[in-house]
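Protein chains: 2
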Amino acid sequence: MSSNALIKGSLQTIILKLLEENEKMYGYEITQKVKELTAGEIKITEGALYPALHKLEAEGLLTTEIQQVDNRVRKYYSLTKDGQKEVSSKLAELQSFVESMQRIINPGLKPEFSL
Amino acid sequence: MSSNALIKGSLQTIILKLLEENEKMYGYEITQKVKELTAGEIKITEGALYPALHKLEAEGLLTTEIQQVDNRVRKYYSLTKDGQKEVSSKLAELQSFVESMQRIINPGLKPEFSL
DNA sequence: TTATATACATAAGAAACTGAGGTATATTTT
DNA sequence: AAAATATACCTCAGTTTCTTATGTATATAA
Chain W
323 MSSNALIKGS LQTIILKLLE ENEKMYGYEI TQKVKELTAG EIKITEGALY
373 PALHKLEAEG LLTTEIQQVD NRVRKYYSLT KDGQKEVSSK LAELQSFVES
423 MQRIINPGLK PEFSL
Chain Y
323 MSSNALIKGS LQTIILKLLE ENEKMYGYEI TQKVKELTAG EIKITEGALY
373 PALHKLEAEG LLTTEIQQVD NRVRKYYSLT KDGQKEVSSK LAELQSFVES
423 MQRIINPGLK PEFSL
């Protein structure tokens with residue numbers, strides 16, 4: 323379900339950020355939301371997503387809640403308090419990384435035009 | 323020599339971009355240049371850099387040239403023609419990825435303010 | 001009825017790192 | 001003079017994170 327080799331390491335940040343905005347989401351919903359937000363550019367594979375969700379849960383950043391919808395099971399994930407703290411830190415990290423990349427890739431760029 | 327988990331996958335792009343601008347660089351020089359450009363934010367480890375350089379060379383994107391400087395050996399890398407083509411494509415990919423990440427992380431952002 | 005969409009999951013293998021270790025010379029600090 | 005740091009290359013075991021394939025199951029669209 324993917325095509326971008328650059329996602330490495332940022333999947334966790336994506337998940338945490340989406341859950342900060344949406345309170346409660348299930349796996350499939352996350353893949354669709356990312357596809358929608360990026361106009362199909364980034365496609366989260368299930369093989370990457372589910373292990374990532376399980377890991378975040380094991381680390382205590384997410385909690386789960388099973389719901390039955392039309393005979394189908396949905397596993398909703400939401401942020402714990404630790405998860406809420408982690409979002410800001412992960413976002414700051416990503417922000418800083420993107421700024422650094424801009425300085426490498428766009429070395430002539432003036433500071434006031436950077437991210 | 324590092325701290326950022328997000329570099330995964332973008333190291334090749336960094337190397338290619340630096341060589342597009344500098345004609346000819348050696349490994350150690352690349353680590354220092356990245357450190358300098360990013361104010362120490364991104365530190366390329368040697369364990370990541372040298373295998374990456376060897377791989378790019380094996381793929382025909384880089385060529386090497388040994389030079390002796392003060393009894394010390396330097397291995398200079400420069401872009402081949404294939405390498406020059408690859409830079410643009412890799413940069414476009416990164417650009418697109420960063421834009422996608424912005425749409426996820428900063429969903430309220432107006433298009434005219436995006437990268 | 002067959003394919004696609006929804007919804008979860010695991011597992012083998014690949015790729016890209018980290019961190020530690022190794023070799024060697026030059027310079028700076030104590 | 002000795003020790004530490006800087007310069008300069010390299011490899012390799014182990015870890016993390018992905019891809020791709022596979023499996024299960026229900027609902028809907030072709």
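If you read the sequences in order, they're chains W and Y.
Here the numbering used here runs 322 ahead of the position in the first sequence, where the first position is 1.
Here the numbering used here runs 322 ahead of the position in the second sequence, where the first position is 1.
Beta carbons are placed, not taken as given, at the ideal position from N, Cα and C, and that holds for glycine.
Beta-carbon gap between Y:Leu384 and Y:Gly369 smaller than 7 Å: no
Chain Y contact for W:Glu408 (CB, 7 Å cutoff): no
The region 339–347 of chain Y contacting the region 395–411 of chain Y, beta-carbon criterion three pairs below 8 Å: yes
Proximal residues of chain Y, C-beta to C-beta of W:Thr360 below 7 Å: Ser422, Arg425 and Ile426
Within chain Y, the residues that W:Lys339 reaches when beta carbons sit closer than 8 Å: Ile426 and Ile427
Contact belief for W:Lys339 with W:Val409 at Cβ below 8 Å, rounded distance in angstroms: 6 Å
Residue-chain proximity (W:Ser324, chain Y), Cβ-Cβ < 7 Å: Reliability fails at W:Ser324, whose pLDDT of 46 lies under 50, so the model's placement of it is uncertain and no value is given.
Backbone CA spacing between Y:Asn393 and W:Leu413 [nearest angstrom]: 46 Å
Residue-chain proximity (W:Leu328, chain Y), Cβ-Cβ < 7 Å: yes
Within 7 Å, strictly: CB atoms of W:Ser422 and Y:Glu351: no
Nonlocal neighbours in the same chain, by C-beta distance under 7 Å from W:Leu416, ignoring five residues either side: Ser332 and Thr335
CB contact below 7 Å: W:Glu387 versus chain Y: no
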